[in-house]
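**Q** Sharing a structure here in structure tokens format.
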Amino acid sequence: MSAERAIPQPFPSVEPQDKSVLVGGVPVSTLSLDALITKMVREAPLRRMQKEAPLLVFDCNGQGLSMNALDPNFRADLAQADLIHADGQIIVMASRWFSKTPIADRSSTTDMFIDSLPQAAAGDVRYYLLGGEEKVNAECARRITDATPGLKLAGRRNGFWSAEEEDALIEEINAAAPDVLWVGTGKPREQAFCVRNRHRIKAGWIVTCGGLFNYVTGDYPRAPMWMQNAGLEWLHRMVTRPRQLAWRYITTNPHALWLIWKHRHG
Numbered sequence: 704m705s706a707e708r709a710i711p712q713p714f715p716s717v718e719p720q721d722k723s724v725l726v727g728g729v730p731v732s733t734l735s736l737d738a739l740i741t742k743m744v745r746e747a748p749l750r751r752m753q754k755e756a757p758l759l760v761f762d763c764n765g766q767g768l769s770m771n772a773l774d775p776n777f778r779a780d781l782a783q784a785d786l787i788h789a790d791g792q793i794i795v796m797a798s799r800w801f802s803k804t805p806i807a808d809r810s811s812t813t814d815m816f817i818d819s820l821p822q823a824a825a826g827d828v829r830y831y832l833l834g835g836e837e838k839v840n841a842e843c844a845r846r847i848t849d850a851t852p853g854l855k856l857a858g859r860r861n862g863f864w865s866a867e868e869e870d871a872l873i874e875e876i877n878a879a880a881p882d883v884l885w886v887g888t889g890k891p892r893e894q895a896f897c898v899r900n901r902h903r904i905k906a907g908w909i910v911t912c913g914g915l916f917n918y919v920t921g922d923y924p925r926a927p928m929w930m931q932n933a934g935l936e937w938l939h940r941m942v943t944r945p946r947q948l949a950w951r952y953i954t955t956n957p958h959a960l961w962l963i964w965k966h967r968h969g
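See below:
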């Protein structure tokens, strides 16, 4: 099928209007996980084919709330997002506590990615995976294509490049013509890269995804569902990866809770 392929429309409609609610000082989309996936799979190919600027999609969790308040560069980059989704359960819970228009459910980046694969395969929506170590990136690509019949990847690349290599990287991405570019290099680097190159990248959507590829490969274990639903996935991560994450959660979680309370009235 050609790059300028016809776009099938087998997917259910999303909510008629995208809304957001202010949580901890950050405007977060109220779309459900299913609606967000449907929006991405339906919109991304059209935006790319019509040569529109890519939709910039960032996530929000406790760490993001804290960084938004403390880091002016990150705050400026986050403000450029077209859509910010609730990656952390605490964001969803806070919207239910203090907002008249709560977020429908948690849309973790890992769930968004994995759950979208069958629809992407059915709609011939092509992903580009950017980020992670080479072996992790390659294994993630292998696993999702093996597990999803019909899925076609536009390309992939590890998350290590120099400033001098960035122009060539953008050319490589554009030559691959992805509908959705997944950027997983961690906060704040991934947001800065996306904002800096948004108008050079020829993709429909650009989605930041942190350590997504490591979760797909199993290098990072996911918390049991009851912990995810209770907003305790951070605790599971801290226990399983204490050297990398303990200080992050010890410092950002209390700050995020304070920000949620501070901005509880919008």
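Residue 815 in the numbering used here sits at position 112 of the sequence shown, and the numbers go up by one each step.
Backbone N, C-alpha and C fix where the C-beta goes; we use that ideal spot for every residue, glycine too.
Answer yes or no: do Thr-804 and Val-724 have a C-beta to C-beta separation smaller than 8 Å?
**A** yes
**Q** Helix, strand or coil: how does DSSP classify Ser-802 here?
**A** coil
**Q** In chain order, what residues of the same chain have a beta carbon less than 8 Å from the beta carbon of Val-886, not counting five sequence neighbours either side?
**A** The residues Leu-833, Gly-834, Glu-893, Phe-896, Cys-897, Ile-909, Val-910, Thr-911 and Cys-912, in chain order, have a CB closer than 8 Å to that of Val-886 in the same chain once the five nearest residues on each side in sequence are set aside.
**Q** Mind pulling the alpha helix (DSSP H) runs of 4 or more residues that sit fully within the segment 741-794?
**A** Segments of the alpha helix (DSSP H) lying fully in the segment 741-794: 765-773 and 775-781.
**Q** Taking the C-alpha atoms as reference points, what is the distance between Ala-857 and Leu-884?
**A** 9 Å
**Q** Between the beta-carbon of Gly-728 and the beta-carbon of Leu-962, is there less than 8 Å?
**A** yes
**Q** In three-state terms, what does DSSP make of Tyr-918?
**A** helix
**Q** Suppose you measure from the CA of Thr-920 to the CA of Arg-845; what does that come to, to the nearest Å?
**A** Computed Cα separation, rounded: 9 Å.
**Q** Along the chain, where does the alpha helix (DSSP H) containing Ile-873 start, and where does it finish?
**A** From DSSP, the alpha helix (DSSP H) with Ile-873 extends over 869-879.
**Q** If you follow the alpha helix (DSSP H) that Ser-735 is in, where does it begin and where does it stop?
**A** Per DSSP, Ser-735 belongs to no alpha helix (DSSP H) and is neither H nor E.
**Q** Does the beta-carbon of Ala-906 have 16 or more other beta-carbons within 10 angstroms, so that it is buried, or is it exposed?
**A** Ala-906 comes out buried.
**Q** Would you call Gln-792 buried or exposed, if buried means 16 or more other Cβ atoms sit within 10 Å of its Cβ?
**A** buried
**Q** Is it a yes or a no for the segment 782-800 touching the segment 809-829, going by three-plus beta-carbon pairs under 8 Å?
**A** yes
**Q** Pull up the distance between the alpha-carbon of Pro-957 and that of Trp-950, whole angstroms please.
**A** It is roughly 12 Å from the alpha-carbon of Pro-957 to the alpha-carbon of Trp-950.
**Q** Contact between the segment 743-760 and the segment 821-833 is defined here as three or more beta-carbon pairs at a separation below 8 Å; is this criterion met?
**A** yes
**Q** Taking the continuous alpha helix (DSSP H) assigned at Ala-857, which residues delimit it?
**A** That residue, Ala-857, is in no alpha helix (DSSP H); its beta strand (DSSP E) goes 856-860.
**Q** In this structure, how does DSSP classify Pro-715 when only helix, strand and coil are distinguished?
**A** Unreliable positioning characterises Pro-715 in this predicted model, as indicated by a pLDDT of 36, which lies under 50. A coordinate reading is not provided.
**Q** My understanding is that Thr-733 touches Lys-742, with C-beta atoms under 8 Å, so please give their C-beta distance in whole angstroms.
**A** Contact doesn't hold; Cβ gap of about 12 Å is too wide.
**Q** Is DSSP giving Leu-725 helix, strand or coil here?
**A** strand
**Q** If you draw a straight line from the C-alpha of Ala-926 to the C-alpha of Gln-753, how long is it?
**A** 40 Å
**Q** Using beta-carbon positions only, say whether Arg-901 and Ile-873 come within less than 8 Å of one another.
**A** No, they are not a contact pair.
**Q** Assign Trp-937 to buried or exposed, taking buried as 16 or more other Cβ atoms, counted over all protein chains shown, within 10 Å of its Cβ.
**A** Under the 10 Å beta carbon count, Trp-937 is surrounded by 16 or more other beta carbons and is classified as buried.
**Q** Does the Cβ-Cβ distance between Gln-766 and Thr-955 come in under 8 Å?
**A** Between Gln-766 and Thr-955, the C-beta gap is smaller than 8 Å, which places the two residues in contact.
**Q** Here's the rule: buried if 16 or more other CB atoms are within 10 angstroms of the residue's CB, otherwise exposed. What is Ile-972?
**A** No answer is possible for residue 972: the residues shown for the chain start at 704 and end at 969.
**Q** Roughly how many whole angstroms lie between the Cα atoms of Gly-914 and Pro-852?
**A** 24 Å
**Q** Using the Cα positions of Glu-837 and Asp-922, report the straight-line distance between them to the nearest angstrom.
**A** 13 Å
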